[in-house]
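Single-structure report; data block below.
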Amino acid sequence: MTLPAYLILSALLFAIGLGGALTRRNAIIVLIGIELMLNAANLNFIAFWRYGPNPQSPTGPVFVIFSIGVAAAEAAVGLALIIATYRHYRTTDLDRIDSMKG
Amino acid sequence: MTLAFIILAAATLAGALAAMTLRNLVHCALALTIAFGGLALFYLRLNAQFVGLAQILVYVGAVAILIVFAILLTRGIEAPQQAIFSPAWVVGAAVALIVFGLLAGIILSSKALPATEPAAVETTVRQIGTELMTKYVVPLEVVGLLLTAALIGAVIIAREENEPK
Numbered sequence: 067m068t069l070p071a072y073l074i075l076s077a078l079l080f081a082i083g084l085g086g087a088l089t090r091r092n093a094i095i096v097l098i099g100i101e102l103m104l105n106a107a108n109l110n111f112i113a114f115w116r117y118g119p120n121p122q123s124p125t126g127p128v129f130v131i132f133s134i135g136v137a138a139a140e141a142a143v144g145l146a147l148i149i150a151t152y153r154h155y156r157t158t159d160l161d162r163i164d165s166m167k168g
Numbered sequence: 161m162t163l164a165f166i167i168l169a170a171a172t173l174a175g176a177l178a179a180m181t182l183r184n185l186v187h188c189a190l191a192l193t194i195a196f197g198g199l200a201l202f203y204l205r206l207n208a209q210f211v212g213l214a215q216i217l218v219y220v221g222a223v224a225i226l227i228v229f230a231i232l233l234t235r236g237i238e239a240p241q242q243a244i245f246s247p248a249w250v251v252g253a254a255v256a257l258i259v260f261g262l263l264a265g266i267i268l269s270s271k272a273l274p275a276t277e278p279a280a281v282e283t284t285v286r287q288i289g290t291e292l293m294t295k296y297v298v299p300l301e302v303v304g305l306l307l308t309a310a311l312i313g314a315v316i317i318a319r320e321e322n323e324p325k
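Line order of the protein sequences matches chains A and B.
With our numbering applied, the first sequence covers 67 to 168.
With our numbering applied, the second sequence covers 161 to 325.
The following block contains the structure:
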């Protein structure tokens, strides 16, 4: 399998996540889109590590392990924020949470 | 392009598309789980076995479950015929298309990408562990601190405020 195939796949996943994060109304789906974007970047990392000049050094997997950890922490905090906002506004619709709109 | 790659890529992309376009939120979360599983299988194909298993443990086993919990905790009594895409969805879709076009253009026109697969070298968990404890010990401790702070913060943010009335 060639490297450009993996890179195109990761670019497609990133674009799908970006499109969903920009267009959906529900806050949780926006967070799902962000997680998809992070996963696409991880796939990119591993593909470049595998096809790069040093496929035996553990640097690629170590970086992606840290990325997975940080993404998990960010998902937890983001979902807690959504739950707190829901408790206040009684909705997760981003088009209705507009009290700071100018 | 081997058949296994095509099938796996189709399953992952279908899961990602379904996660972004379905109406029912729980269906979206389950489609996302399929996308995560497909990505874990890709990591196994790319000789990153530890990352693949960590992906299943963390993303499928924790993040997806957390998302389902959040969906069930924020269920409203909404009208079922409400629009799921915001009114300015064309702009978002156009931005995503432009980003993908740029990335694909750069990838396909690049001459520096190696086209052949180098020989598979075994990267053992022992090597990853040694690197984590010697070369990357500072990032390891910082990520531990980050996870502790993030989870304590998440619990505090999502807690019921019970002030004595």
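C-beta atoms are modelled at their ideal positions from N, C-alpha and C, and glycine is treated no differently.
TODO: Enumerate in chain order the residues of its own chain whose CB-to-CB distance from residue 132 of chain A is below 6 Å, with the five nearest sequence positions on each side excluded.
DONE: Closer than 6 Å at Cβ, skipping near neighbours: no residue.
Open item on the list: Taking the alpha-carbon of residue 71 of chain A as reference, which of B:280, B:273, B:305, B:299 has the nearest alpha-carbon?
Closed with: B:273
TODO: Rounded to whole angstroms, what's the CA-CA distance from residue 163 of chain B to residue 92 of chain A? Just pull it up for me.
DONE: 36 Å
Task: Distance between residue 263 of chain B and residue 254 of chain B (C-alpha atoms, nearest Å) - done: A direct Cα-to-Cα measurement between residue 254 of chain B and residue 263 of chain B gives close to 14 Å.
Open item on the list: Looking at residue 136 of chain A: is its Cβ nearer than 9 Å to the Cβ of residue 303 of chain B?
Closed with: A contact, by the Cβ cut-off of 9 Å.
- [ ] Measure the C-alpha to C-alpha separation of residue 123 of chain A and residue 209 of chain B and round it to an integer number of angstroms.
- [x] 14 Å
- [ ] Output the boundary residues of the alpha helix (DSSP H) element that contains residue 166 of chain A.
- [x] From DSSP, residue 166 of chain A is part of no alpha helix (DSSP H); its letter is neither H nor E.
- [ ] Note down, in chain order, each residue of its chain lying with its Cβ closer than 8 Å to the Cβ of residue 76 of chain A, except the 5 sequence neighbours on either side.
- [x] Once the five neighbours on either side are set aside, the close Cβ partners of residue 76 of chain A are 106, 107, 109, 110, 113.
Open item on the list: With the cut-off set at 9 Å, would you say residue 314 of chain B and residue 96 of chain A are in Cβ contact?
Closed with: no
TODO: Determine the DSSP secondary structure at residue 153 of chain A, reduced to helix, strand or coil.
DONE: helix
Task: Cβ-based burial, residue 193 of chain B [other Cβ within 10 Å; buried from 16] - done: buried
Task: Three-way DSSP call (helix, strand, coil) for residue 162 of chain A in this model - done: coil
- [ ] Starting from residue 223 of chain B, find everything on chain A with Cβ-Cβ shorter than 7 Å and list it in chain order.
- [x] 101, 138, 141
Task: Alpha-carbon to alpha-carbon, residue 310 of chain B and residue 89 of chain A - done: Those two C-alpha atoms are separated by around 27 Å.
- [ ] Taking residue 282 of chain B as the reference, give the member of B:250, B:184, B:300, B:206 with the closest Cα.
- [x] Looking at the Cα atoms, B:206 is the closest of the given residues.
TODO: Return no unless some Cβ of chain A is closer than 9 Å to the Cβ of residue 227 of chain B.
DONE: Cβ-Cβ to chain A under 9 Å: yes for residue 227 of chain B.
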